[in-house]
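**Q**
4 protein chains.
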Amino acid sequence: MTEPADKRDQRRTQILAAAKNVFAERGFHQASINDIIKRADIARGTFYLYFAGKDAVFESILDNAIDDLRGRIKPVQVGDGAQPPGVQLHENVTRVLVYVLGDRDLIQLVLNHGLGPDSPLSQRVDAFFAHVSDLIEASLRYGMEMKLVRECDAELVSQAALGSLRGAVRHLIRQDKPLDIPEIAKQLIDFALRGVVVPDRW
Amino acid sequence: MTEPADKRDQRRTQILAAAKNVFAERGFHQASINDIIKRADIARGTFYLYFAGKDAVFESILDNAIDDLRGRIKPVQVGDGAQPPGVQLHENVTRVLVYVLGDRDLIQLVLNHGLGPDSPLSQRVDAFFAHVSDLIEASLRYGMEMKLVRECDAELVSQAALGSLRGAVRHLIRQDKPLDIPEIAKQLIDFALRGVVVPDRW
Amino acid sequence: MTEPADKRDQRRTQILAAAKNVFAERGFHQASINDIIKRADIARGTFYLYFAGKDAVFESILDNAIDDLRGRIKPVQVGDGAQPPGVQLHENVTRVLVYVLGDRDLIQLVLNHGLGPDSPLSQRVDAFFAHVSDLIEASLRYGMEMKLVRECDAELVSQAALGSLRGAVRHLIRQDKPLDIPEIAKQLIDFALRGVVVPDRW
Amino acid sequence: MTEPADKRDQRRTQILAAAKNVFAERGFHQASINDIIKRADIARGTFYLYFAGKDAVFESILDNAIDDLRGRIKPVQVGDGAQPPGVQLHENVTRVLVYVLGDRDLIQLVLNHGLGPDSPLSQRVDAFFAHVSDLIEASLRYGMEMKLVRECDAELVSQAALGSLRGAVRHLIRQDKPLDIPEIAKQLIDFALRGVVVPDRW
DNA sequence: AATGAATGAGGGTTCATTCAT
DNA sequence: CATGAATGAACCCTCATTCAT
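Protein chains in written order, with our numbering: chain A, 1 to 202; chain B, 1001 to 1202; chain C, 2001 to 2202; chain D, 3001 to 3202.
#1: Quick one, are the C-beta atoms of D:V3149 and D:L3135 less than 7 Å apart?
#2: Is the beta carbon of D:L3111 sitting closer than 7 Å to the one on C:Q2187?
#3: State yes or no: is the C-beta of C:Q2010 within less than 7 Å of the C-beta of D:G3116?
#4: State the Cα-Cα distance for the pair D:S3160 and D:S3032, rounded to the nearest angstrom.
#5: List the whole-angstrom C-beta distance separating C:V2076 from C:L2062, where the pair is believed to meet the contact cut-off of C-beta under 8 Å.
#6: I'd like to confirm the pairing. Which residues does DSSP put opposite D:V3149 in its beta bridges?
#7: Would A:D153 count as contacting chain B if we go by Cβ distances under 7 Å?
#8: If we ignore side chains and look at the alpha-carbon of each, how far apart do B:V1098 and B:L1162 end up?
#9: Closer than 8 Å, Cβ to any Cβ of chain B: which residues of the segment 140-166 of chain A, in chain order?
#10: What's the C-alpha gap between C:I2181 and C:V2169?
#11: Kindly indicate the opening and closing residues of the alpha helix (DSSP H) around A:Q10.
#12: Under 8 Å by Cβ, that's how I've got A:G114 and A:F28 pegged, so tell me the actual separation to the nearest angstrom.
#13: Return helix, strand or coil for C:D2118, following the three-state DSSP convention.
#14: Taking 7 Å as the threshold (C-beta atoms), are B:A1185 and B:V1093 in contact?
#15: With 7 Å as the threshold, decide whether the Cβ of A:V198 is near any Cβ in chain B.
#16: Just checking my contact of A:L69 with A:I173 at CB under 8 Å: how many whole Å lie between their CB atoms?
#17: Can you give the Cα-Cα distance for C:H2171 and C:E2059, rounded to whole angstroms?
#18: Alpha carbons only, please: which of B:A1056, B:T1013, B:A1052 is nearest the one belonging to B:R1039?
#19: Assuming A:V197 and B:R1194 form a contact by the criterion Cβ under 8 Å, report the distance between their Cβ atoms to the nearest whole angstrom.
#20: Alpha carbon to alpha carbon, how far is A:P85 from A:A43?
#21: Could you work out which residues of chain B lie near A:R26, taking near to mean beta carbons separated by less than 8 Å?
#22: Check whether the Cβ of A:L193 lies closer than 7 Å to any Cβ atom in chain B.
#23: On the criterion of 16 or more Cβ atoms from any shown chain inside 10 Å, does C:Y2050 qualify as buried, or is it exposed?
#24: For the putative contact between C:S2133 and C:S2164, defined by C-beta atoms under 8 Å, what is the C-beta separation to the nearest angstrom?
#25: In the structure shown, what three-state DSSP assignment does A:G102 receive?
#26: Less than 7 Å between C-beta atoms, sequence neighbours within five positions excluded: which residues of the same chain meet that for D:T3002?
#27: For the segment 82-96 of chain A, which residues have a CB atom closer than 7 Å to at least one CB atom of chain B, in sequence order?
#28: For C:R2124, which residues from the same chain have a beta carbon less than 8 Å from its beta carbon, with the 5 sequence-adjacent residues on both sides left out?
#29: Measure the alpha-carbon distance for D:E3183 versus C:I2107 and round it to whole angstroms.
#30: Within the 7 Å Cβ cut-off, does A:Q14 reach chain B?
#31: Hey, does C:Q2187 have any beta-carbon neighbour from chain D nearer than 7 Å?
#32: Would a C-beta distance cut-off of 7 Å place C:N2021 and C:D2103 closer than the cut-off?
#33: Does DSSP classify D:N3112 as helix, strand or coil?
#34: Would you tell me roughly how many angstroms separate the C-alpha atoms of C:F2191 and C:R2166, rounded to the nearest one?
#35: When you compare only the Cα positions, how much space is there between B:L1109 and B:D1126?
#36: Does DSSP classify A:H209 as helix, strand or coil?
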């Protein structure tokens, strides 16, 4: 992703890129080592010099992605010097969308990896999403305390909110036209905060 | 699911049930015919008396599910004799949730089949979700015309709304406690229609 | 082949006919019981009421054919009341050709059964051909004694003569036009007795 | 057959030899990959590194054989500097017999492959024999024009002549004693050219 | 006598991984 | 470091045969 420190890292990155591509295209189980080494243009044995196996490459891709994503989600600050929460929220969503929509292979792989639910790899993805929904849930509870958020089942609603983001992304990666990400972020936040109904008519 | 018409149907159902179980647990590609026949407690050859292959069982499960789901989604009627739209919406969501949460294997399999994006089977699932999001999108556009729905990107928002449902379901099937489905439906509809923010504070 | 004595024979014949057809089309190993019972329009179990297995049907077909063929080959008589040897030879060949060219399935199956050389079934066919070549060889030796036949390696030449018949038949069953069998027999006998060269030019 | 160019060719040859052996013994359909790899003393996967599948090995064996055989059949030259036709014919037959009787497995496989008549592999063998019989037929027609060959049905007789060769070979490969191939060739040519009858007695 | 559902050994093939070069 | 030949467990599927009905 970033500048490779040395030759070894370069190779690693080359393999990761190929693997990400293949995993995105075929799903984890359907992707073969053959596919990966062909796309990376390396020999079979070389692959195993850099990764312990298929699981390990996948894990590495996943960890990179999850780290990157975590870095883009900044807990909303409340306090005097802080931006208004709505602005911070918009920035968070925009940052995530920019990252995610800039790497379709990656998001394809995260959303549609096709691992069974019991696999350790799958659990790592699940844990990430659980982390995000926990953040949302905490915000909702805080908002309810502040009387800014309606009373609701915070756990359920946080899952729905996260799901709406996933749904949108799932849709957007299939688009070919260029995307106005800030506008998309605004639409999604509006949806989550205000729903679809005209307030007066409620 | 219901009373099998005869012995042959019974066997078929038995295999379908075992297969659904296995597919849910391991995903399509990771599930082996071996797994299925062991769980169905039948011989290898017997499986092939009832289904042409792995794809065919999966397809059958999928088609049954999609048909069932389609039958539970009734387009919202507007007119004098009709129930209020909010009630109809609630009934739709409740019907779907009752079905879906009553069959965790099935929903696991629909949400996490792990088929590559190009597989015909995967496209069938995609087509179903596209159908649902189209229904939502059409409702949104109609609502906008009626000035009941805020101006918004109907396509994007319909995907978000569908995603929120998927997100909620994905979460709920992992719960062990009994679920108050009508209440859950209410929460999800409230989220989609009104968002999370207290209207006065907007 | 002949009038079935009773219902059981009728069924047997029906299965034999279907099997002969299938064996001719696909070869022994490639032919499946499924193919046979479908063509005979009987149930799977019924087949095994009439034959012990695949080998047994094949064996039965073969035995019938070999018996029929043996019956059509009459050792050349020498003596006062007998027809001239050339005439008897011509009659033999004609009788065989009439039979063989009238049942392409059968001949296909005898010439191209596709059994390995060690199979008992294959040995039965081999034994038949060995019987025929023995007849030819004996005739050659007798002819040499009588100074009617050139000195030659009787064993080898008898195999060649039999081979020429097989080669011709192999070719003829692929023809669609009606065949003038007596003329064909004459050509083949001429070939075997006189070769292709004009005698004067030798 | 000859010195393998490198290690890869060596392995390929080793597999081809084992496969030829197995095919000869059991016929194409009855021969299993298991048989082949056991005889070649390699692992299952190794086989597929060298050949795409069972058909491919068989095809390779066949193509090699047919090429070799074609190379051994040289059209008879007529002209001043050329050897007499009888000599050329004898050389052709001898060359073919030397090759063919030196590789019993191969000839077993070519004569008794046991493929259904519709298989592409079978058609390749048929095409080869058709090619040879065409050569014979052309020679016969030319000989008739030259008044060296009796008037006869050239198509039929060419098939008979080819058949006599096949018949002889089929017989000879079962012999264990050493063979005097030039003498055999002479016998077979005599048979085809002059038949078995003493000319004076005709 | 007739049926056809059930069986399971065995077929061809794939592929993650290892290791000698 | 890099290679790619070799491995063999595991896959999906077929089919001759049996047997309860």
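Glycine is no exception: its CB is placed at the ideal position from the N, C-alpha and C atoms.
**A** Considering the structure as presented:
#1: Looking up residue 3149 of chain D in the fourth sequence gives position 149. Looking up residue 3135 of chain D in the fourth sequence gives position 135. No. Outside cutoff.
#2: The residue you call residue 3111 of chain D lines up with position 111 of the fourth sequence. The residue you call residue 2187 of chain C lines up with position 187 of the third sequence. The Cβ atoms of D:L3111 and C:Q2187 lie no closer than 7 Å to each other.
#3: Looking up residue 2010 of chain C in the third sequence gives position 10. Looking up residue 3116 of chain D in the fourth sequence gives position 116. No, Cβ-Cβ distance for C:Q2010 and D:G3116 is not below 7 Å.
#4: Along the fourth sequence, read from residue 1 onward, the residue named residue 3160 of chain D stands at position 160. Along the fourth sequence, read from residue 1 onward, the residue named residue 3032 of chain D stands at position 32. Reading off the sequence shown, one finds Ala at residue 3160 of chain D, where the question assumed Ser. C-alpha separation (whole angstroms): 35 Å.
#5: Sequence index remark: in the third sequence, residue 2076 of chain C carries index 76 (1-based). Sequence index remark: in the third sequence, residue 2062 of chain C carries index 62 (1-based). Between C:V2076 and C:L2062 a beta carbon distance of about 26 Å is seen, past the 8 Å cut, so the two are scored as non-contacting.
#6: On the fourth sequence, position 149 is the one that residue 3149 of chain D refers to. D:V3149 pairs with C:V2197.
#7: Position 153 of the first sequence, counted from the first residue, corresponds to residue 153 of chain A. Chain B, which has a Cβ nearer than 7 Å to the Cβ of A:D153, makes this yes.
#8: Position 98 of the second sequence, counted from the first residue, corresponds to residue 1098 of chain B. Position 162 of the second sequence, counted from the first residue, corresponds to residue 1162 of chain B. The alpha-carbon atoms of B:V1098 and B:L1162 are separated by roughly 17 Å.
#9: Taking 8 Å as the Cβ-Cβ cut-off against chain B, the residues of the segment 140-166 of chain A that qualify are L140, G143, K147, L148, V149, R150, C152, D153, E155, L156, V157, Q159, A160, A161, L162, G163, S164, L165, R166.
#10: Taking the first residue of the third sequence as 1, we reach residue 2181 of chain C at position 181. Taking the first residue of the third sequence as 1, we reach residue 2169 of chain C at position 169. Distance between C:I2181 and C:V2169, taken at the CA atoms: about 11 Å.
#11: By one-based count along the first sequence, residue 10 of chain A stands at place 10. Per DSSP, the continuous alpha helix (DSSP H) segment holding A:Q10 begins and ends at 7-26.
#12: Your numbering for residue 114 of chain A matches position 114 in the first sequence. Your numbering for residue 28 of chain A matches position 28 in the first sequence. With 8 Å as the limit, A:G114 and A:F28 qualify as a contact, their Cβ atoms being about 5 Å apart.
#13: For the purposes of this step, residue 2118 of chain C is taken as the residue at position 118 of the third sequence. In this structure, C:D2118 counts as coil in the three-state DSSP scheme.
#14: Taking the second sequence and counting its residues from 1, one reaches residue 1093 of chain B at position 93. Taking the second sequence and counting its residues from 1, one reaches residue 1185 of chain B at position 185. Contact check for B:V1093 against B:A1185 passes: the beta carbons are separated by less than 7 Å.
#15: On the first sequence, position 198 is the one that residue 198 of chain A refers to. At a cut-off of 7 Å, the C-beta of A:V198 has a neighbouring C-beta in chain B.
#16: Along the first sequence, one-based indexing puts residue 69 of chain A at 69. Along the first sequence, one-based indexing puts residue 173 of chain A at 173. That belief does not hold up - the Cβ atoms of A:L69 and A:I173 are roughly 15 Å apart, past 8 Å.
#17: As a position in the third sequence, residue 2171 of chain C is number 171, starting the count at 1. As a position in the third sequence, residue 2059 of chain C is number 59, starting the count at 1. Near 25 Å, if we compare the C-alpha coordinates of C:E2059 and C:H2171.
#18: In the second sequence, the residue the question calls residue 1039 of chain B occupies position 39. Minimum Cα distance to B:R1039 is reached at B:T1013.
#19: Sequence index remark: in the first sequence, residue 197 of chain A carries index 197 (1-based). Sequence index remark: in the second sequence, residue 1194 of chain B carries index 194 (1-based). About 6 Å; that satisfies the 8 Å criterion.
#20: As a position in the first sequence, residue 85 of chain A is number 85, starting the count at 1. As a position in the first sequence, residue 43 of chain A is number 43, starting the count at 1. Counting only the Cα atoms, A:A43 lies some 51 Å from A:P85.
#21: Locating residue 26 of chain A in the first sequence gives position 26, where the first residue counts as 1. The answer, in chain order, is G1116.
#22: Within the first sequence, the letter at position 193 stands for residue 193 of chain A. At least one chain B Cβ lies under 7 Å of A:L193.
#23: Residue 2050 of chain C sits at position 50 when you count from the first residue of the third sequence. Looking at its Cβ environment, which holds 16 or more other Cβ atoms inside 10 Å, C:Y2050 is buried.
#24: Numbered from its first residue, the third sequence carries residue 2133 of chain C at position 133. Numbered from its first residue, the third sequence carries residue 2164 of chain C at position 164. About 12 Å; that fails the 8 Å criterion.
#25: Here residue 102 of chain A refers to the residue found at position 102 when the first sequence is read from its first residue. Collapsing the DSSP output to three states places A:G102 in coil.
#26: By one-based count along the fourth sequence, residue 3002 of chain D stands at place 2. Confidence at D:T3002 is low in this model, with a pLDDT of 40, below 50, so the placement of that residue should be treated as unreliable; the coordinate-derived value is given next. Hits under 7 Å: none found.
#27: Cβ contacts with chain B: none found.
#28: Position 124 of the third sequence holds residue 2124 of chain C. Correct list, in chain order: E2059, L2062, D2063, I2066.
#29: Start at 1 with the first residue of the fourth sequence, and residue 3183 of chain D comes out as number 183. Start at 1 with the first residue of the third sequence, and residue 2107 of chain C comes out as number 107. Straight-line Cα distance between these residues: approximately 33 Å.
#30: Locating residue 14 of chain A in the first sequence gives position 14, where the first residue counts as 1. Not one beta carbon of chain B lies nearer than 7 Å to the beta carbon of A:Q14.
#31: As a first step, residue 2187 of chain C must be located in the third sequence, where it is residue number 187. Taking Cβ atoms only, chain D reaches closer than 7 Å to C:Q2187, which makes this a yes.
#32: As a working mapping, residue 2021 of chain C is identified with position 21 in the third sequence. As a working mapping, residue 2103 of chain C is identified with position 103 in the third sequence. No, the pair does not count as a contact, with Cβ atoms beyond the cut-off.
#33: Here the question's residue 3112 of chain D lines up with position 112 in the fourth sequence. It is coil, neither helix nor strand.
#34: By 1-based counting over the third sequence, the position of residue 2191 of chain C is 191. By 1-based counting over the third sequence, the position of residue 2166 of chain C is 166. Their backbone Cα atoms lie some 13 Å apart in a straight line.
#35: Position 109 of the second sequence, counted from the start, is the residue given in the question as residue 1109 of chain B. Position 126 of the second sequence, counted from the start, is the residue given in the question as residue 1126 of chain B. Spanning the two alpha carbons is a distance of roughly 13 Å.
#36: A question about residue 209 of chain A goes unanswered here, because the residues of chain A that appear run from 1 up to 202.
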